[in-house]
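For the sequence shown, our numbering assigns the number 7 to the initial residue and increments by one for each residue that follows. So the structure is just underneath, and the comments pick up after that.
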Amino acid sequence: MTKGDIIVGLDIGTSSVRTIIGELDGQNVNIIGVGTAKSVGIKKGAIIDIDAMVAATKSSIEHAERMVGISIHAAYVGVSGAHIGLHPSHGIVAVSTSDHEIGDVDVERVIEAARVMNLPNEREIIDVVPRQFTVDGLTEVADPRGMIGVRLEVDSYVVTGSRTVLHNLLRCVERSGLEVAGMVLLPLASADMVLTQDEKKLGVVLVDFGAGSVGISIFQNGMLEQFDAVPIGGDSVTNDITIGLQCGTEVAESIKHRYGVADVTMAKEQEKFKISRTGSSMDKECTTIELANIIEPRMREIFALVRQRVERLGYGKGLSGGYVLTGGGMLLKGADKLAEQEFEAPVRVAIPDYVGVRDPSYVGCVGMIKYVSRFYSRVIEVSNSAPVRRMRTDRKTWERIRNWFSDFL
Ligand SMILES: Nc1ncnc2c1ncn2[C@@H]1O[C@H](COP(=O)(O)OP(=O)(O)OP(=O)(O)O)[C@@H](O)[C@H]1O
Ligand SMILES: [Mg+2]
7 MTKGDIIVGL DIGTSSVRTI IGELDGQNVN IIGVGTAKSV GIKKGAIIDI DAMVAATKSS
67 IEHAERMVGI SIHAAYVGVS GAHIGLHPSH GIVAVSTSDH EIGDVDVERV IEAARVMNLP
127 NEREIIDVVP RQFTVDGLTE VADPRGMIGV RLEVDSYVVT GSRTVLHNLL RCVERSGLEV
187 AGMVLLPLAS ADMVLTQDEK KLGVVLVDFG AGSVGISIFQ NGMLEQFDAV PIGGDSVTND
247 ITIGLQCGTE VAESIKHRYG VADVTMAKEQ EKFKISRTGS SMDKECTTIE LANIIEPRMR
307 EIFALVRQRV ERLGYGKGLS GGYVLTGGGM LLKGADKLAE QEFEAPVRVA IPDYVGVRDP
367 SYVGCVGMIK YVSRFYSRVI EVSNSAPVRR MRTDRKTWER IRNWFSDFL
């Protein structure tokens, strides 16, 4: 690692586009630039209006650039949402060297072999993540390199996404003037930042409560075992407010942030606020209890759906690490307590420990910077007014594999 190398992460979410610029300082990463812009033209994490989204993405990038005084031309792009799927796969190769000692090349070849699988036409491969290797029938090998063998196998999972959703996402980044340095699965990036090794080993549910969907990632035995998503999120809560209080979306969103609570028992009768209603020139006075009566059932429904999905994935008895919650939806007051009731398990809200991004909605994007600094290696130069900076980009597969190993051991 070189001091001064920079990494740029882009999280194009349903409610906001976030750009984070991180600078490497030895083993640490410092967040030096942050840019946000309101998303327009995106529904449930999928871009439906590229032109509108390009403008929002450009604005977010420019914010971050201005903060640091550099011009960026490549970024890692976070991928998440209900379209993501994990498919188990298996690869087998014959060890290529004459002395049968397994090397980086063999590991890379076997992972390539695991990529080969029958996928429907509309699915695109994002990544292949190894679970365990087998050398001549010896299973549960974490790192086969240096071992002697004839046959090398890998059990892995192939991460796929919807071709259309990914195409639109990458098109949007490119049209915003940035080269896509790589795609990063946001749950893996978030986990890298907010989960402990023990939690990942014993089992934990990582929940990303976004605007358009709630991502559910199950980590066990040190790795991501399952991913699923509930296709509703904070936007549904806002939508309920627009109907219940007969107001516009912007008004509903702002009163949710200011006066919203997840649990009616937290609301006070005497606490009142005024809202401008659609189709009326008269403001209406509402109590926080009225508002909470709209918010609570939807929040309960979302948490109940999350629990159902976790149970359906085969983790009915829960996982000893409980639930770790991220995403902007967790900024709603009392959301953690409500989650605890619905999950009947320990919960904690994870927040990045960096100035300027101490907000659970930044976990994925900040996590991406950390994740990339560990798993990706090459650097290219970045044009700027300050001393020469280099941008980390372009992954080297074997370098990433080496780091996966250090995680599993
Ligand atoms: N202070 C707050 N109080 C209540 N809700 C909030 C608050 N701040 C943000 N939210 C909600 O959090 C949600 C946005 O979360 P986040 O930024 O993680 O979503 P996103 O990444 O843009 O969307 P997605 O991941 O679904 O594509 C919105 O529904 C927003 O209303
Ligand atoms: Mg998100």
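Idealized CB from N, CA, C, for every residue including glycine. Keep in mind it's a predicted model, so treat the numbers as computed, not measured.
Original post:
In this structure, what does DSSP give as the bridge partners for V441?
Top reply: The displayed coordinates of the chain run from 7 to 415. Any statement about residue 441 would go beyond what the structure contains.
Starting from the N-terminal end, write out each residue whose C-beta falls within a distance shorter than 5 angstroms of any non-hydrogen atom of ligand 2. G19, G216
*Can you tell me which of the three DSSP states G41 falls into?*
By one-based count along the sequence shown, residue 41 stands at place 35. In the structure shown, G41 sits in a strand (DSSP, three-state: E or B).
Query - Buried versus exposed, by CB contacts within 10 Å (16 or more), T20 - result: As a first step, residue 20 must be located in the sequence shown, where it is residue number 14. Buried: at least 16 other Cβ atoms inside 10 Å.
Query raised in the report: When you compare only the Cα positions, how much space is there between R177 and N36?
Result: If you number the sequence shown from 1, residue 177 lands on position 171. If you number the sequence shown from 1, residue 36 lands on position 30. Rounded to whole angstroms, R177 to N36 spans 29 angstroms at the Cα level.
Q) How would you label M59, buried or exposed, when you count the other beta carbons within 10 angstroms and need 16 or more for buried? A) On the sequence shown, position 53 is the one that residue 59 refers to. Buried is the call here.
TODO: Count the other C-beta atoms from every protein chain shown that fall within 10 angstroms of the C-beta of L194, then say buried if there are 16 or more, exposed otherwise.
DONE: To locate residue 194, count along the sequence shown from 1; it is residue 188. It is buried - the Cβ of L194 has at least 16 other Cβ atoms within 10 Å.
Check your understanding: In this structure, does DSSP put P423 in helix, strand or coil?
Key -> This structure does not reach residue 423, given that the chain is present from 7 up to 415, and the question cannot be answered.
Where are the beta strand (DSSP E) runs, 3 residues long or more, that stay fully inside the region 151-239, in chain order? 157-168, 185-191, 210-215, 220-226, 229-236
Have a look at V85, G97, M288 and flag the residue whose alpha-carbon is nearest the alpha-carbon of V186.
Working through the sequence shown from its first residue, we reach residue 186 at position 180. Among V85, G97, M288, the Cα nearest to that of V186 belongs to V85.
* To do: Look up Y321 in the DSSP assignment and say whether it is helix, strand or coil.
  => To locate residue 321, count along the sequence shown from 1; it is residue 315. Reduced to three states, the DSSP call for Y321 is coil.
Practice prompt. With a floor of 3 residues, list each beta strand (DSSP E) that falls wholly inside the region 338-371, ordered by position along the chain.
Written response: 353-355
Give me the Cα-Cα distance between V111 and I222, rounded to the nearest whole angstrom.
-> Counting from one through the sequence shown, the residue named residue 111 turns up at place 105. Counting from one through the sequence shown, the residue named residue 222 turns up at place 216. Using only the alpha carbons, I get a separation of about 34 angstroms.
_Simplified DSSP assignment, three categories, for L125_ = As a working mapping, residue 125 is identified with position 119 in the sequence shown. Residue state, collapsed to three classes: coil.
Item checked: Which of helix, strand or coil DSSP assigns to S65 -> Along the sequence shown, one-based indexing puts residue 65 at 59. In the structure shown, S65 sits in a helix (DSSP, three-state: H, G or I).
In whole angstroms, what is the alpha-carbon distance linking E169 and N127?
To locate residue 169, count along the sequence shown from 1; it is residue 163. To locate residue 127, count along the sequence shown from 1; it is residue 121. With the sequence shown as reference, residue 169 is identified as Arg, and Glu is not the correct amino acid for it. About 8 angstroms.
Could you give the residue range of the beta strand (DSSP E) that holds E291?
Counting from 1 along the sequence shown, the entry for residue 291 is found at position 285. Its beta strand (DSSP E) spans residues 289-293.
- Query: Any idea what DSSP makes of L311, helix, strand or coil?
  - Reply: The count along the sequence shown starts at 1 and reaches residue 311 at position 305. Correct three-state label for L311: helix.
### Message
Starting from V257, trace the alpha helix (DSSP H) in both directions and tell me its first and last residue.
### Response
Stepping through the sequence shown from its first residue, residue 257 is reached at position 251. 255-265 is the span of the alpha helix (DSSP H), which, as asked, contains V257.
| said: Taking DSSP's pairing of strands, which residues face V83 in a bridge? | reply: Taking the sequence shown and counting its residues from 1, the one referred to as residue 83 is at position 77. Bridge partners of V83: L16, M189.
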